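See structure below.
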């Protein structure tokens, strides 16, 4: 007996009995071929010299499961790999747990697992442990995947942190923003775009390695992958964590014309859309051009460019003051009067950081963190 | 010429900066040391664009923008929202809505909260999606929440036509569509509204045509222009109406069409025909503006059978309980949406703004919708 590709997942595939074993041996082990996994022990045993470890976990739920440029399997590997890579670690091992809905087609599972194995190979990671559970029909949406990842810091490398960001640093991105968000949305809603947009979903380990190889230790301050919440949210997080002001240049941010057009239709802002193959890097200005060059030398980095700069938090006057980007510490009298001239405000002193957007027509505006998820609008 | 080139011309930063300077000069000249020129942007998308592009802040002191009633979510009366929620609570009913209705607070709860409690509320992108759901689950009633202006009504009419043709009997419409011209007339008649000129909605004009708004100039004498949505579009419209203002007593032209690449004199004739086939004008409650005669769309003729208000038995807040012309809705305590929608105050002047009322915890719909004046100002600070 073996797993039939035309079959559907049943509760028996998750009960730990014969069917479960078949699923592991005939499907998972066919694609995930690492030695630590093949041992099928309760834990994977990983021999590793003592080193600083990066450890992360992520759960993946997405509709549709297959979208232009990727699928939930590819996403579950890249998401975890990228979370390790942006810390400056070299991704090595991942775990994969599956929650399957009764009735899920085995052929789809096979496609997803094959895609995970392919992506893991590209990213240089091994799937070393995993688990499968099956829940009754209606208790899950087809398939949920949870992956955890381990990465190691190479000799001479230390974790990249927002606290390392300094005024004068430059902000880089490796390409177009918003592709993943538009690809998933249009494929979920069955909306055909004149120029179809593919997800940017890809592992960033090679691209980030190239940057870290090129730039001397310490010159790359911090990296982050702008997934949920998009570029605007990540830049806000970096500004807040570093207590500095990050100014992005509207005209420098690469956005595909078709993504812009789709956003116009849906009433969305590309700066808040998810990306799955992008990294925002904050780099010492002396090394920014070299870092851009390093990104451009790797597939997925061809459109890399400098999109902004870091400076002391100038305009806000500190938490609770009227122009401060933060709202939680606003005082009762802290109502903003838009007609007030900015120069008339309280003297500048360091406060919580904020993100700004330098506008094409001149001037800047505050780039806020997204509240909740973006909802399509009515007109 | 490729599509990109045409659009790029209206986004061109140097053209926008040039126009911005001309608009500023003109406005400074006109106000002559006095208060900033008050211009109402009727459409919610313009409200958002003024923030996003930085035009509002760039013209600070010269032009004061007043956000009009052009966000469909924002003008939906709280009692109408309560009715929608009552409907969603009925067992077995599937409610389909555009996304931005989800978080709008009714008197006690929102569709978002109801969904978490078990109501079957689905976000869709087109009324045709709701019809498709009705096809897929013929045993359950599917109600589409018809919120929007003349821009969404034709697509709803199309879905209704298709439902009639294919005899889909479990599809219903909760009719809450609103018409922009009657609301404009109500504003123009209202002595509380102090505005010098109007930027008219580009999308609605695409459907209705320029002539539908000529009364703003011909009957009431206000300089007004129909505008597109790129920076150059909006600035061109501003430039045009400020020029009319400067011409002073000279004979006023009608509404200026600054969006001729989309708006014709008569609009989209087929879309209008579709609308009048399915809908008839009815009196409607507007949040903050009260009851405006013939400013909403009700179902007519054989399409009346799709009316969710008629078909379902649910506790009502609007309709029967509406107390005529004075029917000022019981807004949440302190929410000044009504004043904001009339342009009496800017959102920042509301005591709840950014304190009790934020996008995370909205008190009024103007803070919920991305096109709402309060949300636009919130994100603009």
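Chains as they are written, first to last, in our numbering: chain A, 5 to 383; chain B, 97 to 477. In this text, a Cβ means the ideal position worked out from N, Cα and C, and glycines have one as well. Keep in mind it's a predicted model, so treat the numbers as computed, not measured.
Please work out which residues of its chain come closer than 6 Å, Cβ to Cβ, to residue 403 of chain B, disregarding the five sequence neighbours upstream and downstream, and give them in chain order. 395
Q) With distances taken from CA atoms, which of B:182, B:451, B:167 is nearest residue 297 of chain B? A) B:167
message = Threshold first: 3 residues or longer. Then list the beta strand (DSSP E) segments lying entirely within the stretch 201-272 of chain B, N to C.
response = Runs of the beta strand (DSSP E) inside the stretch 201-272 of chain B: 216-219, 238-244.
Cross-strand partners of residue 295 of chain B (DSSP beta bridge): For residue 295 of chain B, the beta-bridge partners assigned by DSSP are B:137, B:321.
* To do: Use the C-beta contact count for residue 53 of chain A: other C-beta atoms within 10 angstroms, 16 or more gives buried, fewer gives exposed.
  => By the beta-carbon neighbour count (other beta carbons within 10 angstroms, threshold 16), residue 53 of chain A is exposed.
| query | Which same chain residues, not among the five before or five after residue 78 of chain A, have their C-beta less than 6 Å away from its C-beta? | reply | 119, 123, 205
Handout entry: Amino acids of chain B, ordered along the chain, whose beta-carbon sits closer than 9 Å to that of residue 193 of chain A
Key = 220, 221, 222, 225
* To do: Between the Cα of residue 68 of chain A and those of A:97, A:175, A:193, spot the shortest distance and give me the residue it belongs to.
  => A:193
Fill in: CA-to-CA distance, residue 274 of chain A to residue 214 of chain B, given in whole angstroms
32 Å
Just to confirm before moving on: does the CB-CB distance between residue 447 of chain B and residue 470 of chain B stay below 8 Å? no
Which residues in chain A sit within 7 Å of residue 212 of chain B, going by Cβ to Cβ distance?
What residue 212 of chain B touches in chain A: nothing, since even the nearest Cβ is about 13 Å away.
Are the C-beta atoms of residue 365 of chain A and some chain B residue less than 8 Å apart?
Chain B has a Cβ within less than 8 Å of the Cβ of residue 365 of chain A.
Go through its chain and collect everything with a Cβ distance to residue 342 of chain A's Cβ below 6 Å, but skip five positions before and after it. In this prediction, residue 342 of chain A has a pLDDT of 34, which is less than 50 and means its spatial position is unreliable; nothing more can be read from the coordinates.
Interface residues of the stretch 101-128 of chain B facing chain D [CB-CB below 7 Å]: Given the protein chain composition of this structure (A and B), no chain D is represented.
* Please say whether residue 236 of chain A and residue 276 of chain A have beta carbons closer to each other than 8 Å? => Taking a C-beta distance under 8 Å as the contact criterion, residue 276 of chain A and residue 236 of chain A qualify as a contact pair.
Notebook entry, point to check: Are the beta-carbon atoms of residue 284 of chain A and residue 172 of chain A separated by less than 8 Å?
Noted result: no
Should residue 153 of chain B be flagged as near chain A, meaning a C-beta pair shorter than 8 Å? yes
**According to DSSP, residues forming a beta bridge with residue 192 of chain B** = B:218, B:240
**OP:** Could you tell me whether the stretch 382-392 of chain B touches the stretch 254-266 of chain B, using the rule of 3 or more Cβ pairs below 8 Å?
**Re:** no
Are the CB atoms of residue 90 of chain A and residue 12 of chain A nearer to each other than 8 Å? no
Which residues of chain A have a Cβ atom closer than 7 Å to the Cβ of residue 143 of chain B, listed in chain order?
Result: empty, since nearest Cβ-Cβ is about 12 Å, beyond 7 Å.
*Which one of B:397, B:343, B:370 has the shortest CA to CA distance from residue 303 of chain B?*
Of all alpha-carbon atoms in B:397, B:343, B:370, the one lying nearest the alpha-carbon of residue 303 of chain B is that of B:370.
Rounded straight-line distance, which links the Cα of residue 116 of chain B to that of residue 64 of chain B:
Nothing can be reported for residue 64 of chain B: it is not among the residues displayed for chain B, which extend from 97 to 477.
query: Helix, strand or coil: how does DSSP classify residue 97 of chain A here?
result: In this structure, residue 97 of chain A counts as strand in the three-state DSSP scheme.
| request: With 8 Å as the threshold, decide whether the Cβ of residue 327 of chain B is near any Cβ in chain A. | output: Interface residue, yes.
To which residues does DSSP link residue 394 of chain B through a beta bridge? B:376
Checklist entry - Quick one: Cα of residue 181 of chain B to Cα of residue 251 of chain B, how far? => result 23 Å
query = Which value, in whole angstroms, describes the spacing of the CA atoms of residue 431 of chain B and residue 117 of chain A?
reply = Approximately 53 Å, taken between the alpha carbons.
Legend entry - Residue nearest to residue 311 of chain B in terms of C-alpha spacing, selected from B:350, B:273, B:299, B:327: B:350
Beta-ladder partner(s) of residue 160 of chain B, from DSSP: B:134
What does the alpha-carbon distance come out to for the pair residue 49 of chain A and residue 251 of chain A? 46 Å
Practice task
Look at the alpha carbon of residue 193 of chain B and the alpha carbon of residue 227 of chain B, and state the distance between them as a whole number of angstroms.
Solution key: 12 Å
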